[in-house]
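> This structure is in structure tokens; I'll ask about it shortly.
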Ligand SMILES: Nc1ncnc2c1ncn2[C@@H]1O[C@H](COP(=O)(O)OP(=O)(O)OP(=O)(O)O)[C@@H](O)[C@H]1O
Ligand SMILES: [Mg+2]
């Protein structure tokens, strides 16, 4: 990564002959391109953290499917065969749920926003994380108290939720509880998602730091994979671009709660919130 002193050398030769206004415009374009690349890299890094648990889960699904198919072939009686078909069907449905979640996550680039049920957006992300949480002895409790319809860039908001869930899991080294809630704000004007963990917590003097780009306390492991420190700064940018709010409350040794609020979609879009 170049230091700030190196940056002027990144100006292309053709930019040097351009007018100052043109140079500024070209630099702005470069900044936008780099921001896009950073976004993709952050997305890949968060989904990469789930790769091993998703592979595990698919392996389990295949084992279940193969074993019940063999059992169905061995047993000729209708009751056993029906049980086997049942198990194979639910294993297949679980696999389909995961691939749908992955596709939804990989989909939609750009800035397109659409009116969506926040509970649905959160559900699609959680399906990807369930195995990872289970493998790390984290119990998940989901409370859907409302189905707020908000105008969101689905891919970006999913990435925000995934970043918060991955952070929460990483803060609960020896296991714990993760509470995810979807609700309406008290004033009824916004949709609300909260992600609460029973992990390490964040010291009060570090709270102002955590949203800054590249602030991380996660050191590289033996494979050189630590934190980039970009997760929360990305979350903040996404929530700001949705004219929403993001709040954090934390107590060291007890845990942390991140609460997101997003404005409801305009009634003109023909939706209403539950
Ligand atoms: N739920 C949490 N509990 C305790 N600390 C947290 C929690 N979420 C974030 N933090 C702290 O905030 C820091 C910044 O988080 P952020 O998501 O921006 O980066 P990261 O998780 O370190 O790296 P990356 O997201 O790229 O893997 C973390 O390193 C951690 O110290
Ligand atoms: Mg993170």
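Numbering (our numbering), first residue to last: 4 to 277. Ideal Cβ positions, reconstructed from N, Cα and C, are used throughout, including at glycine. It should be emphasised that the depicted structure is a prediction, and the values quoted were computed from it without experimental measurement.
Any residues whose CB sits closer than 6 Å to a heavy atom of ligand 2? List them in chain order?
After applying the 6 Å Cβ criterion, the set is 166, 169, 170, 230, 234.
> Which residues share a DSSP beta bridge with residue 266?
Position 263 of the chain shown, counting from 1, holds the residue named residue 266. Bridge partners of residue 266: 193.
> In the DSSP assignment, find the unbroken beta strand (DSSP E) run with residue 255 in it and report its ends.
For the purposes of this step, residue 255 is taken as the residue at position 252 of the chain shown. Unbroken run through residue 255: none, as it is neither H nor E.
> Check residue 74 in the structure and name its three-state DSSP category.
Position 71 of the chain shown holds residue 74. Residue 74 falls in the helix class under three-state DSSP.
> Just the C-alpha distance for residue 126 and residue 106, rounded to the nearest angstrom, thanks.
Position 123 of the chain shown, counted from the first residue, corresponds to residue 126. Position 103 of the chain shown, counted from the first residue, corresponds to residue 106. Straight-line Cα distance between these residues: approximately 14 Å.
> Should the segment 124 to 140 be regarded as contacting the segment 160 to 176, the criterion being three or more beta carbon pairs within less than 8 Å?
Cβ pair count under 8 Å is three or more, so yes.
> Please report the distance separating the alpha-carbon of residue 202 from that of residue 80.
The count along the chain shown starts at 1 and reaches residue 202 at position 199. The count along the chain shown starts at 1 and reaches residue 80 at position 77. The alpha-carbon atoms of residue 202 and residue 80 are separated by roughly 50 Å.
> With respect to 8 Å, is the separation between the Cβ of residue 149 and the closest non-hydrogen atom of ligand 1 below this value?
The count along the chain shown starts at 1 and reaches residue 149 at position 146. Residue 149 Cβ: outside cutoff for every heavy atom of ligand 1.
> Do residue 237 and residue 42 come within 9 Å of each other at the CB atom, strictly closer than that value?
As a position in the chain shown, residue 42 is number 39, starting the count at 1. As a position in the chain shown, residue 237 is number 234, starting the count at 1. Their beta carbons are under 9 Å apart, which means residue 42 touches residue 237 by this criterion.
> Does the Cβ of residue 161 have 16 or more other Cβ atoms within 10 Å, making it buried, or fewer, making it exposed?
By 1-based counting over the chain shown, the position of residue 161 is 158. Residue 161 should be labelled buried.
> Bridge partners for residue 217 per DSSP, in chain order?
Here residue 217 corresponds to residue number 214 of the chain shown, with the count starting at 1. Its beta-bridge partners do not exist; DSSP assigns none.
> The alpha helix (DSSP H) spanning residue 240 covers which residue range?
As a working mapping, residue 240 is identified with position 237 in the chain shown. First-last of the alpha helix (DSSP H) with residue 240: 234 to 244.
> Quick one: give me the first and last residue of the alpha helix (DSSP H) that residue 133 is part of.
Within the chain shown, the letter at position 130 stands for residue 133. Where residue 133 is concerned, the enclosing alpha helix (DSSP H) stretches over 121 to 138.
> Could you give the DSSP three-state label for residue 92: helix, strand or coil?
As a position in the chain shown, residue 92 is number 89, starting the count at 1. Helix, per DSSP.
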